[in-house]
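> One structure, as structure tokens, below. Some questions next.
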Amino acid sequence: MIQAPKGTFDVLPDDAGRRELLERNARRILQGAGYQRIETPTFEATELFARGVGEATDIVQKEMYTFDDGGGRSLTLRPEGTAPVCRAYIEHGMHKLPQPVKLWYLSSFFRAEAPQRGRYRQFWQVGAEAIGSAAPEVDAELIVLLAELLEAMSVKGTQLSLASLGTPETRAEYRDELTAYLRDHERQLSADVRNRIDMNPMRAFDSSDPSTREVMKGAPKLLDRLSSEDAEHFAQVRLLLDDAGIAYDLDPTLVRGLDYYTRTVFEFSSDALGAQSGVGGGGRYDRLMELLDGPPTPGCGWAAGIERILLSAGELPVQADVVDLFVALAGADLGRTGFSLAGDARRAGLNAQLELAGRSLRGQLKHADRIRARYVAIVGEEGTSLKNMESGDQLELSPNEVIPTILRGSRLS
Ligand code: HAM
């Protein structure tokens with residue numbers, strides 16, 4: 071038996087209702103705030119992620135599905151959506167549009183990670199990006215919108231971590247300071263952290279090694295080193311979140327797995343999730359556009375994992391699709407009549423299904439009951455009878471009376 075590759079999954083009809091509800095909520099919340107849908111290709115030039123996400127990140131170093139397209143070009147299945155959206159912004163000259171350009175997406179992404187609950191190799195994200203404004207209101211509004219989406223999906227036990235990374239310059243100075251501190255304490259650090267001191271010293275804050283954690287307690291914190299403009303921007307974001315009643319924990323060691331962030335970074339986690347507790351996160355990326363050869367343009371955004379939202383969601387009001395009409399056939403040669411009745415019903419705006427399995431009439435009525443059809447039209451040699459499945463009432467009708475009768479009934483109910 072051929073099975074789906076490790077770390078991938080099928081979205082079966084039973085899961086589809088909850089996913090659709092998520093998409094509807096995302097559309098309502100994001101489009102309501104002026105975000106417009108964008109979809110970018112599933113694969114991009116590898117260089118986009120190498121430059122955009124950062125050569126030193128785990129994503130670029132170990133998690134990308136990269137392949138040669140046969141013509142000597144290196145392509146990569148997208149591991150995230152921000153760099154592609156920025157590429158599209160540059161490629162389509164969106165700087166000429168009124169700013170900020172506010173975009174949202176719901177797409178699948180690919181990372182070669184070790185699969186576990188909530189961590190897959192193909193997964194789905196809903197994301198939002200606001201490009202072209204450095205205003206702190208953008209950051210705060212994005213966070214409020216994600217909080218709203220998580221609330222609409224009844225995500226349980228959420229907690230918001232917030233920090234500011236400042237500008238690349240502040241970060242570079244801080245990085246030197248932190249590197250020097252790590253060198254001074256090299257012997258107490260885990261081999262993994264020690265080997266990455268020059269590559270990515272911030273990752274030391276992420277370590278679960280007890281001795282490394284002890285060292286990191288005394289390490290200098292970036293939040294204490296922000297320039298006055300960055301500190302002011304961050305203070306404003308916090309003020310707006312306080313006004314909006316959004317609770318957060320300041321986490322000066324918040325490390326995101328992507329290198330493009332500047333200033334605000336944030337992450338929502340859920341205690342309903344276990345080890346992979348990050349439901350959604352993002353931040354500001356004011357230098358990313360330049361890294362991709364675009365005009366200097368600030369940006370801010372987030373992405374949230376669809377599967378993680380659904381894993382941590384409570385009861386959701388998923389409604390089964392209404393079946394207005396089931397067309398049953400009371401004889402062998404009535405397929406054509408039934409087929410056109412079902413078609414006419416659909417054109418009249420009804421949800422209609424036709425018997426397709428050659429069941430006995432009893433079997434057809436049982437099936438109509440199982441799919442909770444409101445009406446069954448039993449097409450016979452002599453005429454059609456229409457059964458109201460709720461009241462049990464049955465009317466003998468000519469075929470062209472079936473649809474008007476249901477529509478009248480719909481209007482009455
Ligand atoms: P990220 O934190 O790498 O950010 O991913 C966002 C979310 O995607 C995570 O919080 C998690 O819910 C979900 N996710 C990530 N990897 C996996 C996986 N292997 N399996 C299942 N779910 C996963 C980004 O991707 C940034 N592009 C977010 C952003 C947008 N920043 C600014 N704008």
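Take the position in the sequence shown, starting the count at 1, then add 70; the result is the number in the working numbering. Beta carbons are placed, not taken as given, at the ideal position from N, Cα and C, and that holds for glycine. Predicted model, so just to flag it, every value in this text is computed and none were measured.
#1: Mind pulling the alpha helix (DSSP H) runs of 4 or more residues that sit fully within the stretch 209-268?
#2: In chain order, what residues of the same chain have a beta carbon less than 6 Å from the beta carbon of Ile72, not counting five sequence neighbours either side?
#3: Can you find at least 3 beta carbon pairs, one from the stretch 253-262 and one from the stretch 271-287, that sit closer than 8 Å?
#4: Cα separation between Met223 and Arg97?
#5: Is any heavy atom of ligand 1 found at a distance shorter than 7 Å from the C-beta of Gly122?
#6: List in chain order: all unbroken alpha helix (DSSP H) runs of 4+ residues lying wholly within the stretch 311-392.
#7: Please give the ranges of any beta strand (DSSP E) in the stretch 161-208, keeping only runs that are unbroken, at least 3 residues long and fully inside the region.
#8: Rounded to whole angstroms, how far is the Cβ of Val349 from the Cβ of Phe338, which I believe are closer than 8 Å?
#9: Hey, quick one: how far does the beta strand (DSSP E) through Phe113 stretch, first residue to last?
#10: Using the DSSP secondary-structure output, state which residues sit across from Ile99 in a beta bridge.
#11: Is Gly371 near ligand 1, with its Cβ less than 7 Å from a heavy atom?
#12: By DSSP's criteria, Tyr445 is part of a beta bridge. Which residues make up the other side?
#13: By the three-class DSSP mapping on this structure, what secondary structure does Phe79 have?
#14: Quick check on Ser278: buried or exposed, where buried means 16 or more other Cβ atoms within 10 Å of its Cβ?
#15: Within 10 angstroms of the Cβ of Ser483, are there 16 or more other Cβ atoms? Answer buried if so, exposed if not.
#16: If you follow the beta strand (DSSP E) that Gln131 is part of, which residue opens it and which one closes it?
#17: What is the rounded straight-line gap between the Cα of Arg557 and the Cα of Pro75?
#18: Is Arg148 close to ligand 1? I mean its beta-carbon at under 7 Å from any heavy atom of the ligand.
#19: Could you please give me the residues that DSSP links to Ala422 through a beta bridge?
According to the structure shown:
#1: 238-254 and 261-265
#2: none
#3: yes
#4: 13 Å
#5: no
#6: 358-361 and 376-381
#7: 171-180 and 192-201
#8: 5 Å
#9: Phe113 to Ala115
#10: Per DSSP, none; premise fails for Ile99.
#11: yes
#12: Leu395 and Asn458
#13: coil
#14: exposed
#15: Its pLDDT being 42, under 50, Ser483 is placed unreliably by the model, and the measurement read from it follows with that caveat. Under this definition Ser483 is an exposed residue.
#16: Here Gln131 belongs to no beta strand (DSSP E); instead the alpha helix (DSSP H) covers Asp128 to Lys132.
#17: The displayed coordinates of the chain run from 71 to 483. Any statement about residue 557 would go beyond what the structure contains.
#18: no
#19: Leu395
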